[in-house]
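One rule links them: number in this note's numbering = place in the sequence shown (from 1) + 7. In what follows, a single structure is set out as structure tokens and then discussed.
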Amino acid sequence: MASETNGQNATQAAGISTDIITLTRFLTEEQSKVKEATGDFTLLCHALQFSFKAISYYIRRATLVNLTGLAGQSNATGDDVKKLDVIGNDLFIAAMKSSGKCALLVSEEEEEIIYFKTEDGSARYAVACDPIDGSSNLDAGVSVGTIFGIHRLADGSTGSKEDILKPGTELVAAGFTMYGASAQLVLTMKGGGVNGFTLDNSFGEFILTHPDMRIPKSRAIYSVNEGNSLYWEEHTKEYFNSLKFPQDGSGKPYSARYIGSMVADAYRTLLYGGIFAYPADKKSPKGKLRILYECAPMAMVFENAGGQAVDSTMARMLEVVPEHIHDRAGIFLGSYDEVEKVKSFYK
Ligand code: AHM
Ligand code: MG
């Protein structure tokens, strides 16, 4: 007993926490709260977290092992493909396949749906992902990320297009990992809160560092590619001008922050508040960002953290149904009040 007390004193004195909530522990605890849980979702998440760790590892080593630059091809949505895009995509596919729980996968890098047939039909999930979002920033060492959304197959289905061409309201879980100064994983589940984990490279574990994340209700920060303003619709121009040239007597304009990586811009917005937008415009009438693996998962995170997300027609982003797997939408997401302000310009 005495030595136990001495031990506790020693850990306290050293400022060491011995009761750490890893992602693995968090998932196990979440699973135990659901009576009918089979553990399949937990296993799928374990495969996901391995892909995040592996992608993070290769991004960190990219410059040293000649992984920067183009792979010499373009992807399903016509973007130049970086070598790391290919590696990230391959890692993600292998992780989903080997999990045995993923029936089908939509990736930004793949034109068609990838189906993983299992003998026993135990794969009950459909996953959409952008393995490395913001990859045009990679060679400059700027933060990029992986975005994912998870749907459950309809009863009786063994996996079909209809299992993934669903609105975000049907997502069972979604989130993203940002590969920045450290790898930050943000995860949310249907009807739940938003939790943030930081990859501790020495442990090789994601540690719960940001429990129950809530986005500030408002903040005077906007994040948009202003280089597109020539193509913006009038109400888009009016809205952003109102942030820069306030007429309400406060006299203080908003600050602009734009990284050009959705995951990094969204993560900052989630922590600090404000608004992130990639509006539809005259050049891109459907917007740039993809519904299944960019807009909907982010919208779920922001709503579950107390914020909002809408498309360029001001429809709730989570209710937008994609027409095809790489369908796009304009998007505004962020603090509750900031999105309300956007809506007032589009009435
Ligand atoms: P990607 O999936 O090809 O990387 O493109 C998506 C990225 C987002 O991360 C980011 O918000 C946007 O494209 C930036 O686009 P732009 O360079 O037009 O501002
Ligand atoms: Mg992307």
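Positions of the beta carbon are idealized from the N, C-alpha and C atoms, including for glycine. Computed from a predicted model, the values in this text were never measured in an experiment.
- Task: Work out the CA separation of R32 and A9 for me, nearest whole Å.
- Result: The predicted model places A9 with a pLDDT of 49, which falls under 50 and marks its position as unreliable, so this point remains unresolved.
- Task: Compute the beta-carbon to beta-carbon distance between R226 and G281, rounded to the nearest angstrom, for a pair I have assumed lies under 8 Å.
- Result: 4 Å
How should D3 be labelled, buried or exposed, when 16 other C-beta atoms within 10 angstroms of its C-beta is the threshold for buried? Here the chain comprises residues numbered 8 to 354, so residue 3 is not present and cannot be evaluated.
**OP:** Return the chain-ordered list of same chain residues with a C-beta closer than 6 Å to the C-beta of I66, the five sequence neighbours on each side being excluded.
**Re:** Y186
Requested in this report: Could you say if the stretch 149–159 and the stretch 167–185 meet the contact criterion of at least three C-beta pairs nearer than 8 Å?
Outcome: yes
Review point. Which runs of the beta strand (DSSP E), 3 residues or longer, sit entirely within the stretch 86–166?
Key: 87–89, 109–114, 132–140, 151–159
**Prompt:** In chain order, which continuous runs of the beta strand (DSSP E) of length 3 or greater are located wholly inside the stretch 167–239?
**Reply:** 180–186, 190–196, 201–207, 212–217, 228–230
inquiry  = So within the stretch 243–309, which uninterrupted beta strand (DSSP E) runs reach at least 3 residues, ignoring any that extend past its ends?
reply    = 282–285
Proximity below 8 Å, CB of A135 to CB of A110: no
- Query: Looking at C-alpha atoms only, which residue of K108, R68, A101 is the closest neighbour of K90?
  - Reply: R68
Quick one: residues in its chain with C-beta nearer than 6 Å to the C-beta of K251, no 5 flanking neighbours on either side, listed in chain order? P260
Under the rule that 16 or more other beta-carbon atoms within 10 Å means buried, what is I266, buried or exposed? buried
| task | Ignore the nearest five residues each way along the sequence and tell me which others in Q315's own chain have a CB closer than 6 Å to its CB. | result | Y343, V346
Worksheet entry | Among L30, A20, I23, nearest to T216 - alpha-carbon criterion | L30
Bridge partners for F339 per DSSP, in chain order?
A284, V317
- Return the CA-CA distance between K350 and A61, expressed in angstroms with no decimal places. 40 Å
Q. Buried or exposed: where does I27 fall if 16 or more other Cβ atoms within 10 Å of its Cβ makes it buried?
A. exposed
Opposite R323 in the DSSP bridges: which residues? V317
Task: Length-filtered (4 minimum) alpha helix (DSSP H) runs lying within the stretch 25–68 - done: 30–40, 47–68
Less than 6 Å between C-beta atoms, sequence neighbours within five positions excluded: which residues of the same chain meet that for S164? D170
ask   = Is V328 helix, strand or coil by DSSP?
value = coil
> Helix, strand or coil: how does DSSP classify F344 here?
Replying inline: According to the sequence as given, residue 344 is Asp; it is not Phe. Reduced to three states, the DSSP call for D344 is helix.
Quick one: what does DSSP say A21 is sitting in, helix, strand or coil? coil
Can you name, in chain order, every residue of its own chain whose Cβ lies under 8 Å from the Cβ of Y279, other than the five neighbours on each side?
-> P223, R226, I228
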